[in-house]
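K.L.:
Just dropping this structure here.
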Ligand code: C2O
Ligand code: CU
């Protein structure tokens, strides 16, 4: 029987089994001016490198694992003609982009899901440069797990972009494989995952590939754009091990970039991104440290004489600064889950008891309500500064995502933050911890607010607010 233990990855890397990664294919061939075509469809793909590993039936866009990267220009109007060739409805969300609400792609809130065989046209203008991603937003806990996501890079309207050899997108995914190395579909939706830390996998890929080996020009500036596309795995990486410095979080350039982390490790929650600057002198590996270290990606320095481009540190985007006064303040208590408070959770008006939890699979709540869907959590007028005080009274860490807005992290547990301003679209809040965020609600519409551990969102940590 095939071993899928993460420990084996080290052997495979050492044994020269690593595949040479081709630069991730761009959408150039699917692109016609500023119009792109995306088709969601099943695709056969081998996730584990062992010779006896079976192929998996995954879902992706344009028959490619990982789906094509969309490279667009800040401020340019783009059109995406989307067709659903899956056996079930779906929709696409453009994670982190501050775009018009009706293009946000949340099935059931901003649009009806696109039925099998039908199409939907997305049109938007990306206002901010940076690293983003797109993913299915209908039954995301299943559709994203099956591979429905891709990278989205917004190039600055003015400013330079590094050549491909120095600019690498790494979409990291945590897959649960069965004993034959196949995507484990049988355990999708397992209540054990939903009530605990979500669907955690046993194998990591980068752009759909196992143990890739990426070539970087030696001593030259290289930008590594890391996206965590896992359903629930919080990636624990340590860029200091290879001299990586931080340029951006969630697409937003740090004012003092490139920044060395004064603290380790770097936790990258589901949906979070970090762009690193690496000027390698020698080969190195990227390791995931949340369990036994897993070197899931290796880098080889290219010493051949070559022209390398100069690097300009990305400039921060112009995001609306929250006002200090006249804030709309809201307290959010996160409860529920295994080893947590389960005694006061309501779902669709029903107070859940033991059998209620089993029947509804709702295990988590915001202010005692699981999946608040009929009414918004709050309503504010356009332009209002919103301050959210989030306390996590559960035994798990969560990755909270606000749609349509970037926010400032202002405080953690009354101790301030490591650096400021710190803009994000998804923030981690630890067990028994609290975090204060603030943002200007400047975009009218219905905006989702949820845990990006997709099982947690499906089982209660999901709500929305309205900007009028
Ligand atoms: Cu990445 Cu609700 O989304
Ligand atoms: Cu969560």
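Residue numbers (full-length UniProt numbering): 1 to 468.
Don't be surprised by glycine CBs; every beta carbon is placed ideally from N, CA and C.
#1: With a Cβ-Cβ cutoff of 8 Å, do residue 239 and residue 261 count as a contact?
#2: Name the residue from 251, 218, 115 whose alpha carbon lies nearest to the alpha carbon of residue 280.
#3: Any heavy atom of the ligand C2O within a distance shorter than 7 Å of the CB on residue 271?
#4: Taking 7 Å as the line, does the beta carbon of residue 319 fall inside it for any heavy atom of the ligand C2O?
#5: So, at 8 Å on beta carbons, what are the nonlocal neighbours of residue 43 in its own chain, with the 5 sequence-adjacent residues on each side left out?
#6: Between 354, 113, 167, which lies nearest to residue 312 when the distance is taken from Cα to Cα?
#7: Note down, in chain order, each residue of its chain lying with its Cβ closer than 6 Å to the Cβ of residue 389, except the 5 sequence neighbours on either side.
#8: According to DSSP, what are the bridge partners of residue 32?
#9: Could you pull out every residue in the same chain whose Cβ sits closer than 8 Å to the Cβ of residue 119, ignoring the five residues on either side in sequence?
#10: If we ignore side chains and look at the alpha-carbon of each, how far apart do residue 376 and residue 366 end up?
#11: The beta strand (DSSP E) that contains residue 119, what's its start and end?
#12: Among residues of its own chain, excluding the 5 on either side of residue 265, which ones have a beta-carbon nearer than 8 Å to its beta-carbon?
#13: Assess contact between the segment 70-77 and the segment 97-113, defined as three or more Cβ pairs (one per stretch) separated by less than 8 Å. Is contact present?
#14: Report yes or no: do the segment 414-427 and the segment 328-346 share at least 3 C-beta pairs separated by less than 8 Å?
#15: Can you tell me which of the three DSSP states residue 258 falls into?
#16: Taking only the alpha-carbon atoms, compute the straight-line gap between residue 232 and residue 270 and give it to the nearest angstrom.
#17: Between residue 37 and residue 111, what straight-line distance do the alpha-carbon atoms span, to the nearest angstrom?
#18: Considering only residues of the segment 151-192, which uninterrupted alpha helix (DSSP H) runs meet the minimum length of 4 residues and lie entirely inside it, listed in chain order?
#19: Can you grab the Cα-Cα spacing for the pair residue 438 / residue 210, in whole Å?
#20: Three-state secondary structure (DSSP) at residue 102?
#21: At the level of alpha carbons, what is the spacing between residue 432 and residue 399?
#22: Listed by chain order, which residues have C-beta atoms less than 6 Å from any heavy atom of the ligand CU?
#23: Any heavy atom of the ligand C2O inside 7 Å of the beta-carbon of residue 93?
P.N.:
Here's the rundown:
#1: yes
#2: 218
#3: yes
#4: no
#5: 57, 58, 59, 60, 63, 64, 65, 147
#6: 167
#7: 331, 436
#8: The secondary-structure analysis by DSSP pairs residue 32 across a beta bridge with 35.
#9: Within the same chain, residue 119 has close Cβ partners 81, 82, 83, 84.
#10: 12 Å
#11: Segment 119-125, the beta strand (DSSP E) holding residue 119.
#12: 236, 237, 238, 289
#13: no
#14: no
#15: coil
#16: Their Cα atoms are separated by approximately 6 Å.
#17: 19 Å
#18: none
#19: 39 Å
#20: helix
#21: 14 Å
#22: The set, ordered by position in the chain, is 398, 451, 453, 456, 461.
#23: yes
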